[in-house]
Amino acid sequence: MKRPVAISDSANFYVSAERIFDPTLKNVPVIVLSNNDGCAIARSDEAKALGIKMGTPLHYIREKVDAHGIRVFSSNYTLYGDISRRVVEVYEDFTPNVEIYSIDECFLDFVGFKDRTAHAMALRSAVLRKVGVPVRIGIAPTKTLAKCANDIAKKNPIFAGVLDMMDESLANWLLPRVPIGDIWGVGRKTTDKLRALGVHTAADLRDLPIRQARAVGTVVLERIVLELQGEACLAFEDVVPQRKGMAVTRSAGTPMTDFDTLFQAISAHASRGAEKLRQHGLVAGTLTVFFHTNKHRPDRPQYTASRTTRMTPMSSDTFDLVEAARHCAEAAWPKSDVKR
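Going letter by letter, the sequence shown gives residues 1 to 340 in UniProt numbering.
And the structure:
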């Protein structure tokens, strides 16, 4: 028997968290910026309607911000972490098992509930009442299908924020409406390969022969195909797995045209990475440095580089990571003149 799994995600989470403490933000365009106030990393629906794209640098949209009175906030991860914890506490009142997937998404065990839609609706109401954050819920026999259901519920108000796709006939009707690029786990390069084969929707991918799926995207794509067919390949984990990696990334507010300026930023990121490792009681076995030119300036020469080094012995020491980062950055630095 197929076991129902749900995924609940918070709508425009960072914006929703800011709105909890400032009612004047309701129904007005809001964006939240990355750590260094460089790029938009969260947008309210009103901001999206004005054409604000995810990841756009603030200085590219300053005129639009001023013209439309868009409210702009620096990211506050302490606040967002606290709100996320409170949302999870509500989830735990409605299901015996919660798997935290990200700061604003959780998989929920929905086994044993006779009316899953009613249960999900009650959960949504409880989160909104107790925390103040709107959430959407997708339910299906696999995680991949649940993600599809969640995305459909997100984009179609007719579902009122909840879509139960346990019924195979309903999945058969809805999957042809899900673009291949929207499927969880299907990246841009794989999307391009699949489109070249005539695979454009979730239904097309579901019907792709397993051997062909493996040839296109290895065993990962094979599992996605099986999950779209209703066969659970991704286990439900009620214990958070140990981190296998972490990253510290930023966009530059001003152009970096010399190595010393770049390394000053990389050194700060390596120091922050070492701090995060120590906080989690971890050590690094490898370190990668990567940087690229401004993709929003196609009129300029483009350059992307990365270098990886093995940490021997493994370490979380700031000095070790900064030195390793310097070696990687020096090796990756372009020999020709490129405006970054």
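By construction, the Cβ of each residue, glycine as well, lies at the ideal position given by its N, Cα and C atoms.
Counted as a single uninterrupted DSSP element, the alpha helix (DSSP H) harbouring L194 occupies residues R188 to A196.
In this structure, the straight-line span from the alpha carbon of V283 to that of G245 is close to 10 Å.
For T308, the enclosing beta strand (DSSP E) has its first and last residue at T304 to S315. DSSP lists F107 as the beta-bridge partner residues of E99. If only complete runs of 4 or more residues are kept, the region 257 to 292 shows the alpha helix (DSSP H) at 259 to 279, in order along the chain. Out of C233, R195, L277 and A329, the CA that lies nearest to the CA of H292 is found in A329.
Looking only at K130, V178, V133 and R129, the smallest Cα-Cα distance to A153 is reached by V178. The region 137 to 212 is shown to contain whole beta strand (DSSP E) runs of 3 or more residues at 162 to 164, in chain order.
At a Cβ-Cβ threshold of 8 Å, L194 and I210 do not count as neighbours. When K130, K48 and K143 are compared, the shortest CA-CA separation from P4 is found for K143.
Burial is judged here by how many other beta carbons sit within 10 angstroms of a residue's own beta carbon; E227 has at least 16 and is buried. For A42, there is no enclosing alpha helix (DSSP H); the enclosing beta strand (DSSP E) covers residues A40 to R43. The region 91 to 108 and the region 58 to 69 do not touch, with fewer than three beta-carbon pairs separated by less than 8 Å. In the structure shown, the three-state DSSP call for F94 is helix. Taking a cut-off of 8 Å for Cβ pairs, the region 31 to 51 and the region 144 to 164 do not touch, as fewer than three such pairs fall below it. For V90 against V131, the beta-carbon gap comes to about 6 Å, under 8 Å, which counts as contact.
Rounded to the nearest whole angstrom, the CA to CA distance from A203 to V127 is 33 Å. Contact between the region 43 to 57 and the region 161 to 171 is not established, with fewer than three Cβ pairs separated by less than 8 Å.
The way I'd put it, the region 260 to 276 doesn't touch the region 294 to 309; fewer than three beta-carbon pairs between them come closer than 8 Å.
Shortest Cα-Cα distance from D151 to any of A6, M314 and R206 involves A6. In the displayed model, I7 falls within a strand according to three-state DSSP. Counting the other CB atoms within 10 Å of its CB gives F263 a total of 16 or more, which places it among the buried residues. Look at F236 here: in three-state DSSP terms it is coil, with no helix or strand label.
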